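Colleague:
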Amino acid sequence: MKHQGFDFQQLKNFRNLSFSSLTAITPAGLFALLLISGVSTLLPHQVNAGVIITAQAPATGTVIYVNSQSGQDSSGAGNAEATPYKTITYALNQAQQGTVIQLAPGTYSKDSGEQFPLEIKPGVTLRGDESSKGQATLISGSGVYISPTFARQNMTIRADKDSSIAGVTVTNPENRGTGVWIESTNPTITNSTFSNSIRDGIFVTGTGNPKIKNNVFIQNKGNGISVAKSASGEIRSNLFQNTGFGLALGGNSTPLVAENQIVQNKDGIYISESAKPILRKNVIQNNTQDGIVVTVNAQPDLGTNENPGGNLINKNTHYDLNNSTKANKILAVGNEIDAKRIFGQVDFVFAKAEPLPGEAVAFKDLPPGYWAKTYIEALASKNIIAGFPDGSFKPNEPVTRAQFAAIIAKAFQPQAKSANKQFPDVQSNFWAYEVIQSASKGGFVSGYPDGMFKPQQQIPRVQVLVSLANGLGLNANNQSILSIYSDASQIPQYAINSVAAATSRQLVVNYPTLKQLNPNQQATRADVAAFVYQAMVNAGRAQAISSPYLVKTP
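Following the working numbering, the numbering of the sequence shown begins with 118 at its first residue and continues without gaps.
1. Using DSSP with H/G/I as helix, E/B as strand and the rest coil, what is Arg578?
2. Asn439 and Ile409 look like a contact to me (Cβ under 8 Å); what is the Cβ gap, rounded to whole Å?
3. Would Lys338 and Gly367 qualify as a contact pair, given that the criterion is a beta-carbon distance under 8 Å?
4. Where are the beta strand (DSSP E) runs, 3 residues long or more, that stay fully inside the region 341-400, in chain order?
5. Taking DSSP's pairing of strands, which residues face Lys330 in a bridge?
6. Find out if the Cβ-Cβ distance for the pair Val241, Gln219 is shorter than 8 Å.
7. For the candidate residues Ala345, Gln544 and Gln358, whose alpha-carbon lies nearest to that of Phe320?
8. Checking 8 Å against the spacing of the C-beta atoms, do Gly623 and Gln651 come in under that value?
9. Does DSSP put Asn271 in a helix, in a strand, or in coil?
10. My guess is that Asn340 and Ala365 are in contact by the Cβ rule of under 8 Å, so how many angstroms apart are they, rounded?
11. Expressed to the nearest angstrom, what Euclidean distance is found between the alpha-carbon atoms of Val168 and Ile205?
12. Is the separation between the beta-carbon of Gln336 and that of Asn369 shorter than 8 Å?
13. Could you tell me the alpha carbon to alpha carbon distance between Ala640 and Ser584, rounded to whole angstroms?
14. Where does the unbroken beta strand (DSSP E) through Asn614 begin, and where does it stop?
15. Using only the alpha-carbon positions, how far apart do Ala172 and Ala194 sit?
16. Return the chain-ordered list of same chain residues with a C-beta closer than 7 Å to the C-beta of Tyr666, the five sequence neighbours on each side being excluded.
17. Contact between the region 245-265 and the region 282-294: three or more CB pairs below 8 Å?
18. Roughly how many whole angstroms lie between the Cα atoms of Asp246 and Ile237?
19. I need the DSSP call for Leu429, collapsed to helix, strand or coil.
20. On a Cα-Cα basis, can you pick out the residue from Gln211, Ile256 and Thr216 that is closest to Phe233?
21. Between the alpha carbons of Ser187 and Lys203, how many angstroms are there, rounded?
22. Quick check on this structure: which residue in Pro541, Asp277, Arg316 and Ile501 has the alpha carbon closest to the alpha carbon of Pro566?
23. Give the DSSP-derived three-state secondary structure of Ile454 in the structure shown.
24. Under 8 Å between the Cβ atoms of Ala646 and Leu496?
25. Is there contact here, the region 550-566 with the region 608-616, by at least three beta-carbon pairs under 8 Å?
26. Return the chain-ordered list of same chain residues with a C-beta closer than 6 Å to the C-beta of Ile598, the five sequence neighbours on each side being excluded.
27. When the Cα atoms are used, what is the spatial distance from Pro572 to Pro201?
28. Can we say the region 425-432 touches the region 495-515, given the rule of at least three CB pairs closer than 8 Å?
29. Between which residues of its own chain and Pro515 is the CB-CB distance below 6 Å, once the five residues before and five after are set aside?
30. For Glu291, which option in Thr421, Lys227, Phe510 and Gly590 has the closest C-alpha, if you only look at C-alpha atoms?
31. Can you name, in chain order, every residue of its own chain whose Cβ lies under 6 Å from the Cβ of Ile388, other than the five neighbours on each side?
32. Determine which residues share a DSSP beta bridge with Glu300 and list them.
33. Does the distance from the C-beta atom of Gly323 to that of Ala348 stay below 8 Å?
34. So Val649 packs on Ile553, CB below 8 Å; how close in whole Å?
35. Sort Ser343, Pro222, Ile395 and Lys393 by Cα distance to Ser663 and report the nearest one.
36. Taking the alpha carbon of Asn635 as the reference point, which residue from His435, Ala659, Phe465 and Ile608 has its own alpha carbon closest?
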């Protein structure tokens, strides 16, 4: 059986797992659900092999604009958002050190004219939408690069020294395909998504020393990140979920791995050969095999008396910490691990781990590009909403009035504006009694004319918007703003002012049709997440998120 590019027969007894075997990898088949496609990179002399691109004078200024749908790869374009280039390939040919290549939402692939792999030249920044971690900016494809340390490889992007990648989604669907290849360079990679590559999201080798921060690695067939040879670098505040190995660290590498969430993978971190990574304040949970595996001659730093580890490693299926080296004793001071789930020689000192602030959360039924994914994950990271035990969110499920009150209570922590209102159908022992009281006293929710609250009734979209507008004290100066909606006549009379206020303050997110409000339709969990998040932005409680479905008025 093959998995993650490694032969499981080798892994069974945790024998030597050599990164030199990469050139002979035969990956398992694609996931049935392929969320995005991928991309790769070549050596400079291999890029565009067999294709001639006429050299142009570098674009003036520090920003080059690219739009795969409306752009033109021609002289004089690229300098303004209104006149973009069409391809990243062409923009990179024009870019100089210090240039930012700004990508419009869209898919950048062979079909749109890209030639892979893409080489991000020294000092150049490739940037999409960082607020959404690149959900609408997809780079998909693959090309060949001859690596000095690993020979022929398939990759989407090769990142050169002092380059930056931010706010994009990268996938490589080819055999042995890697999203971003880093070889003896020091790029910065932030706020991006790496999904469904056949091998790795990112591969670091040689003397690579990157900074990889605030990214999401999900459903890659091999590993989220592989680090090999004498590479180092900083891997911080990323989410690794539902991938092969969250991280595979080998060679003589010494990366700092800190404050990451590593959950629901095969193994959380696989450390082999003579690697000596430093692990600090990571959450490593619910992986289907081991939390951390240490094999061959590896010697990870899991904390000392002077510098405790602070890692939370628990609820993994097999072992939380599996030391399968023959002779090395691991020092693990100041971590929260169940001592009964440690295998091998480990000097272990328990300490309660502190939760990570604003932990990223991903759900298995929210693929990259899902319209409300960013809203949902942002609220989940703030513990305002949550998913289900099976790792799903069920975005199309309805929301009851009681559930909505619970979300309001967590999102806004309303200050009381009125006395308690007792609803005959909400008893004091009802699970949502306190949150209904909180939302009611704060002016967000109220009962029906008959005095009932109807906590189990599914809430329609219009009630969500009225609730948010009332709770935030929003009023409309001009109700004619509602003419933007093709179904404005369906808005109940009582809700007209509140919906107009919600519209003018950009609380309304309409999917799939921007100008169709569907006011009396049941609000889904995704709808509520989007509306509540936009209300938090209006109240100064959250950063704005870009969405093509956000209703904006002149």
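A virtual CB, placed ideally from N, CA and C, is assigned to each residue, including glycine.
Model, not experiment: these values are computed from the prediction.
Modeller: Per the coordinate set shown:
1. Start at 1 with the first residue of the sequence shown, and residue 578 comes out as number 461. It is helical.
2. Counted from its first residue, the sequence shown places residue 439 at position 322. Counted from its first residue, the sequence shown places residue 409 at position 292. With a beta-carbon spacing of about 7 Å, Asn439 and Ile409 fall inside the 8 Å limit used to define contacts.
3. Position 221 of the sequence shown, counted from the start, is the residue given in the question as residue 338. Position 250 of the sequence shown, counted from the start, is the residue given in the question as residue 367. Result no, Cβ atoms of Lys338 and Gly367 do not sit closer than 8 Å.
4. Within the region 341-400, the beta strand (DSSP E) runs of at least 3 residues that lie entirely inside it are, in chain order, 351-353, 356-358, 362-366, 373-375, 378-380, 384-388 and 395-397.
5. As a working note, residue 330 is residue 213 in the sequence shown. According to the DSSP secondary-structure assignment, Lys330 is paired through a beta bridge with Thr307 and Arg353.
6. Here residue 241 refers to the residue found at position 124 when the sequence shown is read from its first residue. Here residue 219 refers to the residue found at position 102 when the sequence shown is read from its first residue. Taking 8 Å as the cut-off, the beta carbon of Val241 is found no closer than this to the beta carbon of Gln219.
7. One-based indexing of the sequence shown puts residue 320 at position 203. Comparing Cα-Cα distances from Phe320 to each of Ala345, Gln544 and Gln358, the minimum goes to Ala345.
8. As a working note, residue 623 is residue 506 in the sequence shown. As a working note, residue 651 is residue 534 in the sequence shown. It is Gln, not Gly, that sits at residue 623 in the sequence shown. Taking 8 Å as the cut-off, the Cβ atoms of Gln623 and Gln651 count as close.
9. Here residue 271 refers to the residue found at position 154 of the sequence shown. Asn271 carries a strand assignment under DSSP once its states are collapsed to helix, strand and coil.
10. Locating residue 340 in the sequence shown gives position 223, counting from the first residue. Locating residue 365 in the sequence shown gives position 248, counting from the first residue. With 8 Å as the limit, Asn340 and Ala365 qualify as a contact, their Cβ atoms being about 4 Å apart.
11. To locate residue 168, count along the sequence shown from 1; it is residue 51. To locate residue 205, count along the sequence shown from 1; it is residue 88. Since pLDDT at Val168 reaches only 30, below the 50 mark, its modelled position is unreliable, and no value is offered.
12. Stepping through the sequence shown from its first residue, residue 336 is reached at position 219. Stepping through the sequence shown from its first residue, residue 369 is reached at position 252. Contact: no.
13. Taking the sequence shown and counting its residues from 1, the one referred to as residue 640 is at position 523. Taking the sequence shown and counting its residues from 1, the one referred to as residue 584 is at position 467. Taking C-alpha positions only, Ala640 is separated from Ser584 by approximately 13 Å.
14. Your numbering for residue 614 matches position 497 in the sequence shown. Per DSSP, Asn614 lies in no beta strand (DSSP E); the unbroken alpha helix (DSSP H) holding it starts and ends at Ile613 to Ser621.
15. Within the sequence shown, the letter at position 55 stands for residue 172. Within the sequence shown, the letter at position 77 stands for residue 194. Unreliable placement is indicated for Ala172, whose pLDDT of 31 sits below 50; no coordinate value is reported for it.
16. If you number the sequence shown from 1, residue 666 lands on position 549. Trp488, Val626, Asn627, Tyr628 and Leu631.
17. As far as the Cβ criterion goes, the region 245-265 touches the region 282-294, which means the pair count is three or higher.
18. Within the sequence shown, numbered from 1, the residue matching residue 246 stands at position 129. Within the sequence shown, numbered from 1, the residue matching residue 237 stands at position 120. Each residue's alpha carbon lies about 17 Å from the other.
19. Here residue 429 refers to the residue found at position 312 of the sequence shown. Leu429: strand per DSSP, three-state reduction.
20. Working through the sequence shown from its first residue, we reach residue 233 at position 116. Taking Phe233 as reference, the option from Gln211, Ile256 and Thr216 with the minimal CA-CA separation is Ile256.
21. Position 70 of the sequence shown holds residue 187. Position 86 of the sequence shown holds residue 203. Linking Ser187 to Lys203 through their CA atoms gives a straight-line distance of about 7 Å.
22. Taking the sequence shown and counting its residues from 1, the one referred to as residue 566 is at position 449. Among Pro541, Asp277, Arg316 and Ile501, the Cα nearest to that of Pro566 is on Pro541.
23. Along the sequence shown, one-based indexing puts residue 454 at 337. Reduced to three states, the DSSP call for Ile454 is strand.
24. Position 529 of the sequence shown holds residue 646. Position 379 of the sequence shown holds residue 496. Leu496 sits close to Ala646, with the two beta carbons spaced by under 8 Å.
25. The region 550-566 and the region 608-616 do not touch, with fewer than 3 CB-CB distances between them shorter than 8 Å.
26. For the purposes of this step, residue 598 is taken as residue 481 along the sequence shown, with counting starting at 1. Excluding its 5 nearest sequence neighbours in each direction, Ile598 has C-beta neighbours in its own chain below 6 Å: Ala617, Thr620, Ser621 and Thr670, listed in chain order.
27. Mapped onto the sequence shown, residue 572 falls at position 455. Mapped onto the sequence shown, residue 201 falls at position 84. Looking at the backbone, the Cα of Pro572 and that of Pro201 are separated by about 51 Å.
28. Judged by Cβ distances under 8 Å, the region 425-432 makes no contact with the region 495-515, as fewer than three pairs qualify.
29. Taking the first residue of the sequence shown as 1, we reach residue 515 at position 398. Cβ neighbours of Pro515 within its own chain (closer than 6 Å, five residues either side excluded): Gln575 and Gln639.
30. Reading the sequence shown from its first residue, position 174 is the one you call residue 291. With respect to the C-alpha of Glu291, the residue from Thr421, Lys227, Phe510 and Gly590 having the closest C-alpha is Lys227.
31. By one-based count along the sequence shown, residue 388 stands at place 271. These residues qualify, in order along the chain: Leu366, Val411, Ala415 and Pro417.
32. Taking the first residue of the sequence shown as 1, we reach residue 300 at position 183. In DSSP, Glu300 forms a bridge with Thr322.
33. Sequence index remark: in the sequence shown, residue 323 carries index 206 (1-based). Sequence index remark: in the sequence shown, residue 348 carries index 231 (1-based). Yes, Cβ-Cβ distance for Gly323 and Ala348 is below 8 Å.
34. The residue given as residue 649 occupies position 532 in the sequence shown. The residue given as residue 553 occupies position 436 in the sequence shown. Not really, about 16 Å apart at Cβ, beyond 8 Å.
35. As a first step, residue 663 must be located in the sequence shown, where it is residue number 546. Checked all of Ser343, Pro222, Ile395 and Lys393; the closest Cα to Ser663 is Pro222.
36. Here the question's residue 635 lines up with position 518 in the sequence shown. Residue nearest to Asn635 within the set His435, Ala659, Phe465 and Ile608 is Ile608 (criterion: CA-CA distance).
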